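Asker:
Protein chains in written order, with our numbering: chain B, 1 to 199; chain X, 200 to 398.
1) Let me know the secondary structure DSSP gives residue 176(X) once reduced to three states.
2) Could you give the uninterrupted runs of the beta strand (DSSP E) lying entirely in the segment 258-334 of chain X, keeping only those of 3 residues or more?
3) Applying the criterion that 16 or more other CB atoms from any shown protein chain within 10 Å of the CB defines a buried residue, is residue 360(X) buried or exposed?
4) Can you tell me whether residue 7(B) is buried or exposed, with buried defined as 16 or more other CB within 10 angstroms of its CB?
5) Find the residues of chain B that neighbour residue 374(X), judging by a C-beta separation of less than 8 Å, and give them in chain order.
6) Is the Cβ of residue 31(B) closer than 8 Å to any Cβ of chain X?
7) So, helix, strand or coil for residue 352(X), using DSSP?
8) Give a yes or no on whether the minimum CB-CB distance between residue 201(B) and chain X is below 8 Å.
9) What does residue 392(X) reach in chain B if we use C-beta pairs closer than 7 Å?
10) Mind checking residue 273(X): buried by the 16 CB within 10 Å criterion, or exposed?
11) Just to confirm, are residue 225(X) and residue 26(B) a CB contact at a threshold of 8 Å?
12) Measuring CA to CA, which of 77(B), 169(B) and 117(B) is closest to residue 141(B)?
13) When DSSP labels each residue in this structure, what does residue 189(B) get in the three-state scheme?
14) Where do the N-terminal and C-terminal ends of the alpha helix (DSSP H) with residue 41(B) fall, by residue?
15) Ordered along the chain, which non-local residues of its own chain (more than five positions away) have a Cβ less than 7 Å from that of residue 2(B)?
16) Near residue 35(B), what residues of its chain come up, given a Cβ to Cβ distance below 7 Å and the 5 sequence neighbours on each side ignored?
17) Is residue 189(B) near the ligand NAP, in the sense that its beta carbon is under 7 Å from a heavy atom of that ligand?
18) Starting from residue 278(X), find everything on chain B with Cβ-Cβ shorter than 7 Å and list it in chain order.
19) Only counting the same chain, and skipping five residues up and downstream in sequence, which positions put a Cβ closer than 8 Å to that of residue 112(B)?
20) Ignore the nearest five residues each way along the sequence and tell me which others in residue 95(B)'s own chain have a CB closer than 6 Å to its CB.
21) Of all the CB atoms in chain X, is at least one closer than 8 Å to the CB of residue 103(B)?
22) Return helix, strand or coil for residue 226(X), following the three-state DSSP convention.
23) If you reduce the DSSP assignment to three classes, tell me which class residue 21(B) lands in.
24) Under 8 Å between the Cβ atoms of residue 251(X) and residue 176(B)?
25) DSSP state of residue 1(B), grouped into three classes?
26) Going along chain B, which residues have a C-beta under 7 Å from residue 336(X)?
27) In terms of alpha-carbon separation, which member of 284(X), 309(X), 228(X) and 305(X) lies closest to residue 270(X)?
28) Going straight from the alpha carbon of residue 298(X) to that of residue 371(X), what length do you get?
29) Can you name the residues of chain B whose CB is closer than 9 Å to the CB of residue 224(X)?
30) Please name the residue in 344(X), 373(X) and 243(X) whose C-alpha comes closest to that of residue 390(X).
31) Between residue 323(X) and chain B, is any beta-carbon pair separated by less than 8 Å?
32) Using a cut-off of 8 Å between C-beta atoms, extract the partners of residue 330(X) located in chain B.
33) In chain order, what residues of the segment 236-266 of chain X put their CB closer than 8 Å to some CB of chain B?
34) Can you give me the Cβ contacts of residue 352(X) inside the same chain, cut-off strictly under 6 Å, excluding the 5 residues immediately before and after it?
35) With H, G and I counted as helix, E and B as strand and the rest as coil, what does DSSP make of residue 339(X)?
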C-alpha cells in the first residue's frame, strides 16, 4: 500500500510539473507515466482518464493554496495588511518557482482556464468553484475593511472580483515577461480598486 | 494566384478558429488543413512550421485589433470617454462571438500567453510586443486625462499596465463563466485604478 500511494503521488507530481511547463492538451498519458517513472497500468489504476488526473492536480494544488490563503487572510493583522501579505506571498512564490526552473510558471488555475475552459465542462466547473472561493475569501476581508472605514468601495463582491482579476492579469504578465517584479504594483492597484482611505 | 492567396486565408481562418476553440498545442497541421479544406502541401508552401502559422494568426488578429483600438482611443471624445468606449466594444465583441459559437472565446493573446509563453520564445516575443503596444496606447490616453485633471494617478505607465491587466483578468473570467456581463464592471474598475476625479 505504501508503494501504491507513492505511485499516485509520483503521477500527480509529474503531471503538475508537465502541465505547468507545457499545458494540458498536448500531454499524453504515456509521457506522464514516463516522467513519473511508473508503468502505464498504474495510471489507470488511479485515474479513469486524463481529465480525472487534471481534476486531481487542480484539487491538490487548490488544497495547498487554500490553506495558504486562509492562513494569511485569517491572520490577526488589520484587514488591508492581510491583503498586502497575500500579494507579497504570491510574488515570493512565483519568484521561488522562477529561481528553480528559470521561468515564471504563472497561476495553474488561470493557465488551465484559458487553455481548457471551452473544452471540458468538468474542469471548467471545478475552476469556477475555485475562483468563487478565492473571491469569497477576499470579499470577507474587504467587508471587514469597509466596516472599519479603511475602504470606501460600495459593492464588496465586485471589488473582490476586481482584485482577483487584477491578480490574474498581473500574474499573466509576470509569466509573459518572465519577470516577477510585474507583481509589485499589485498592492497599490488593490488599494485603488478598493478606494482605500489611509496611506 | 487568386486561388493561392485564398488557400492561405483559409488556413489562417481555420487555424484561428481551432486555436480559439482548443488551443494551439494539441493542434496538428493535418487537422488544420482538413478544416481549411486545402491539401497539406499548401500549408508548407505558405508556412515553414506550425509556429510560423501561430505568428501569422497572432499578427493578423493584432492588425485588426490595433485598428479598432486606434479608432476608439484616437477619437475626438474626452480621454476617459474613449477608454469607456474601448471596454464597451470589448464586451460587445465577446458577446458577438458567444452568440455565434455558444462560448466566450476570451482574448487570443491572453490565451496564447498562458498556454505558450514558456514554450516558444518567438511567440512569447511577439505577444510581449503586442501587450507593450496596448499599454502604450492606453498610457497615452491616461496621460491626456491627467493633463486635464481628470485622473490623479502618479505613474501613467503602471496605471496603463494595471488597466490592461484588469481587462485580461476580467476577460479570463468572462471566458471561465461563459458570461460577458463579467466585463461590465471594467469601466468602474478602470476609473478606480486611475483615480478618476469626476463622476
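For each residue, glycine too, the CB sits at the ideal point set by N, CA and C. All of these numbers come straight from a predicted model, not from anything done at the bench.
Answerer: Taking the geometry as given:
1) Missing from the structure shown is residue 176(X); chain X here goes from 200 to 398 and no further.
2) With a minimum length of 3 residues, no continuous beta strand (DSSP E) run stays inside the segment 258-334 of chain X.
3) Numbered from its first residue, the second chain carries residue 360(X) at position 161. Here residue 360(X) is buried. Its C-beta has 16 or more other C-beta atoms within 10 Å.
4) Position 7 of the first chain, counted from the first residue, corresponds to residue 7(B). Buried, by the Cβ-count rule.
5) Within the second chain, the letter at position 175 stands for residue 374(X). Within 8 Å Cβ-Cβ: 113, 114, 117 and 118.
6) Position 31 of the first chain, counted from the first residue, corresponds to residue 31(B). Answer no: the Cβ-Cβ gap between residue 31(B) and chain X never drops below 8 Å.
7) As a position in the second chain, residue 352(X) is number 153, starting the count at 1. The answer is coil: DSSP assigns residue 352(X) none of H, G, I, E or B.
8) Since the first residue shown for chain B is 1 and the last is 199, residue 201(B) is missing from the structure and cannot be characterised.
9) As a working mapping, residue 392(X) is identified with position 193 in the second chain. What residue 392(X) touches in chain B: 189, 192 and 193.
10) Walking along the second chain from the start, residue 273(X) turns up at place 74. Looking at its Cβ environment, which holds fewer than 16 other Cβ atoms inside 10 Å, residue 273(X) is exposed.
11) The count along the second chain starts at 1 and reaches residue 225(X) at position 26. The count along the first chain starts at 1 and reaches residue 26(B) at position 26. Yes. Within cutoff.
12) Walking along the first chain from the start, residue 141(B) turns up at place 141. It is 77(B).
13) In the first chain, the residue the question calls residue 189(B) occupies position 189. In the three-state DSSP reduction, residue 189(B) falls in the helix class (H, G or I).
14) Position 41 of the first chain, counted from the start, is the residue given in the question as residue 41(B). Judged by DSSP secondary structure, residue 41(B) falls within the alpha helix (DSSP H) whose first and last residues are 40-46.
15) The sequence position of residue 2(B) within the first chain is 2, counting from 1. Model confidence at residue 2(B) stands at a pLDDT of 49, short of 50, so the residue's coordinates are unreliable; what they give is reported in the following sentence. None.
16) The residue given as residue 35(B) occupies position 35 in the first chain. Leaving aside the five residues that flank residue 35(B) on each side, the residues in its chain whose CB is nearer than 7 Å to its CB run, in chain order, 14 and 18.
17) In the structure on display, the ligand NAP does not appear, and there are no ligands present to speak of.
18) Against the second chain, residue 278(X) aligns to sequence position 79. The premise fails here: residue 278(X) is roughly 18 Å from chain B at the closest Cβ pair, so nothing lies under 7 Å.
19) What you label residue 112(B) is simply residue 112 of the first chain in a count that begins at 1. Shown here for residue 112(B): same chain residues with a beta carbon closer than 8 Å to its own, the five before and five after excluded, namely 19, 24, 54, 58, 123 and 127 in chain order.
20) Residue mapping note: residue 95(B) aligns to position 95 of the first chain, counting from 1. If we look at residue 95(B) and ignore the five residues flanking it on each side, its Cβ neighbours are 180.
21) Indexing the first chain from 1 puts residue 103(B) at position 103. Chain X, which has a Cβ nearer than 8 Å to the Cβ of residue 103(B), makes this yes.
22) Counting from one through the second chain, the residue named residue 226(X) turns up at place 27. Note: residue 226(X) maps to coil in three-state DSSP.
23) Taking the first chain and counting its residues from 1, the one referred to as residue 21(B) is at position 21. Residue 21(B): helix per DSSP, three-state reduction.
24) Walking along the second chain from the start, residue 251(X) turns up at place 52. Walking along the first chain from the start, residue 176(B) turns up at place 176. It is not a contact, given that the beta carbons lie outside the stated cut-off.
25) Mapped onto the first chain, residue 1(B) falls at position 1. Caution applies to residue 1(B), whose pLDDT of 43 falls short of 50 and renders its modelled position unreliable; the model cannot decide the point.
26) Here residue 336(X) refers to the residue found at position 137 of the second chain. Residues of chain B with a Cβ closer than 7 Å to the Cβ of residue 336(X) do not exist, since the nearest Cβ in that chain sits about 16 Å away.
27) The residue given as residue 270(X) occupies position 71 in the second chain. Nearest neighbour of residue 270(X) by Cα position, chosen from 284(X), 309(X), 228(X) and 305(X), turns out to be 284(X).
28) By one-based count along the second chain, residue 298(X) stands at place 99. By one-based count along the second chain, residue 371(X) stands at place 172. Spanning the two alpha carbons is a distance of roughly 18 Å.
29) Position 25 of the second chain, counting from 1, holds the residue named residue 224(X). Under the 9 Å cutoff, chain B gives 22, 23, 24, 25, 26, 27 and 115.
30) Here residue 390(X) is taken as the residue at index 191 of the second chain, counted from 1. The shortest Cα separation from residue 390(X) among 344(X), 373(X) and 243(X) belongs to 344(X).
31) Working through the second chain from its first residue, we reach residue 323(X) at position 124. Yes, its Cβ sits closer than 8 Å to a Cβ of chain B.
32) On the second chain, residue 330(X) is found 131 positions in, with the first residue counted as 1. Taking the beta carbon of residue 330(X) as reference, the chain B residues within 8 Å of it are 173 and 176, listed in sequence order.
33) For the segment 236-266 of chain X, the set of positions with a beta-carbon nearer than 8 Å to some beta-carbon of chain B is empty.
34) Taking the second chain and counting its residues from 1, the one referred to as residue 352(X) is at position 153. Leaving aside the five residues that flank residue 352(X) on each side, the residues in its chain whose CB is nearer than 6 Å to its CB run, in chain order, 358, 393 and 394.
35) Position 140 of the second chain, counted from the start, is the residue given in the question as residue 339(X). Look at residue 339(X) here: in three-state DSSP terms it is helix.
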